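>
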Amino acid sequence: MPEIRLAQIGVGHWGKNLLRNFSSIPGCSVVAVCDSNSNVLEFVEHHYPQADTSKSVDEILSRDDLDGIVIATETHSHFAIAKAALESGRHVFVEKPMTESADEAQTLVSLSDETGCHCMVGHLLLYHPAFNYVEDLIKANSLGDIYYMYSVRVNLGIVRQQENALQSLAPHDLSIALAFLNQQPSAVAVHAQAYLQPEICDVAFSTIFFDNGALAHLHTSWLDPHKIRKVTLVGSKKMVVIDEMSGAEKVRIYDKGVNPPGYVGFAESMTTRVGNISIPNIQMAEPLRVECSHFIDCVRTGESPRSDARNGLSVVRLLEAAQKSLTAGGEKIPVHPI
């Protein structure tokens, strides 16, 4: 089995986790690392002595011994690096969001198609066993018709300067909303506020409207006393709560709902149903390890990644519309089909 050779560009807070995982996958080797911070490169040289280090992105891209490039830099630089990597014939793993604009994302989709090189986006929750379990329930119609979902992704810090709380935190739950509701989003409305830095919102409340009437509501903030990572899904048969912060009980399934009226037109004849709460035993694995292994498998086999460039485009398109709504003070912004 030939070794997959990677270079990683960017080793910040999250990039260290990517480097740890890619470096420990059998049959994969991170042979070069690029970062502008000298202290980071010293860290890499100490913990990953097999990897060459550099401050130059061009130097990394000019190497002829690489199968893929891992991009974990600030969002504003994703497009230029990913474009250059795809044009040079390398597979790309790029952290979320894939790009700053839908036009840039579409360019990467086209380049991936033209070159035959994968462009996989780090939509981590698509590789989380708890979310995968719930997605299987949806596909089996165990929850019935999905009415709406809402998510809470809040904590105190990390406060960013290059992107706001919406752009930093919402891509996770946008990717899940698209997977769970499996419908075309039609519009988005966002109300947000900046408290710590001018023009960079610390808290955002976003609502995504879907063609079939379903809703997704996202609460994102890095200015909150709690660390919460929770998604609630309401279906016509059952309801589900996914709590990423819970230890062994990440998914709870509620056999609750409202039975249809016995007599059409008489709302008072509706009855609520309160059944059992079940907590499935889900075999957990580190989602990031699953995600990184999936990328390596796709490079090796040619299989298209689940979170490919088109998936990245769908999330960026929603983010772009959400940012327009935020700027317009919460105006409902249409989301045009891809």
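Counting from 1, position 88 in the sequence shown corresponds to residue 122 in my numbering; the numbering is continuous, with no gaps. Glycine included, each C-beta is placed from N, C-alpha and C at the ideal position. Keep in mind that this is a model prediction, so the values were computed, not measured.
1. List the residues that DSSP assigns as beta-bridge partners of Gln42.
2. Are the CB atoms of Ser209 and His251 within a distance shorter than 9 Å?
3. Within 10 Å of its beta-carbon, does His253 have 16 or more other beta-carbons around it, so buried, or fewer, so exposed?
4. Short check: CB of Ser185 to CB of Ala223, under 9 Å?
5. Quickly, what does DSSP pair Lys264 with across the bridge? List them, please.
6. Can you name the residues that DSSP bridges to Leu252?
7. If I measure Cβ to Cβ from Asn310 and keep anything under 7 Å in the same chain, skipping five residues before and after, which residues do I get?
8. Considering only the alpha carbon of each residue, which of Ala66, Pro131, Ala356 lies closest to Ala221?
9. Under a three-way DSSP split, which group does His225 fall into?
10. In chain order, what residues of the same chain lie with their CB nearer than 6 Å to the CB of Lys264, ignoring the 5 residues before and after it?
11. Using C-beta distances below 8 Å, list every residue in its chain close to Ala319, excluding the 5 sequence neighbours before and after it, in chain order.
12. If you count every other CB in all the chains shown that lies within 10 Å of the CB of Leu160, and 16 or more means buried, which is it?
13. I need the boundaries of the alpha helix (DSSP H) containing Lys173, first residue and last residue.
14. Quick one: what's got a C-beta closer than 6 Å to Gly102's C-beta in the same chain, skipping five residues either side?
15. If you draw a straight line from the C-alpha of Asn175 to the C-alpha of Arg340, how long is it?
16. Determine, using beta carbons only, whether Gly46 and Ala106 come nearer to each other than 9 Å.
17. Using a threshold of 9 Å, state whether the C-beta atoms of Ile372 and Ser359 are closer than that.
18. Tell me the DSSP bridge mates of Gln195?
19. Beta carbon of Leu177, beta carbon of Met273: below 9 Å?
20. Kindly indicate the opening and closing residues of the alpha helix (DSSP H) around Asp147.
21. How about Ile94 and Cys62: are their beta carbons less than 9 Å apart?
22. What are the partner residues of Phe127, as DSSP defines its beta bridges?
23. Between the stretch 341-351 and the stretch 195-209, are three or more C-beta pairs nearer than 8 Å?
24. Residue range of the alpha helix (DSSP H) that Asn293 falls in?
25. Using a Cβ-Cβ cutoff of less than 8 Å, which residues in the same chain neighbour Arg307 once the five nearest sequence positions on both sides are dropped?
According to the data block:
1. Val67, Val104
2. no
3. buried
4. no
5. Val186, Asp277
6. Under DSSP, Leu252 shares a beta bridge with Ser185, Ser240.
7. Asp289
8. Ala356
9. strand
10. If the five residues before and after Lys264 are omitted, its C-beta is found closer than 6 Å to the C-beta atoms of Val186, Asp277, all from its own chain and listed in chain order.
11. Pro163
12. When all chains shown are included, Leu160 counts as buried.
13. 163-173
14. Leu40, Arg124, His125, Val333
15. 21 Å
16. yes
17. no
18. In DSSP, Gln195 forms no bridge with anything.
19. yes
20. 136-149
21. No.
22. Val104, Met154
23. yes
24. Where Asn293 is concerned, there is no enclosing alpha helix (DSSP H), although the beta strand (DSSP E) it sits in stretches over 285-293.
25. So the qualifying residues of the chain are Asp289, Lys290, Gly291, Val292, Asn293.
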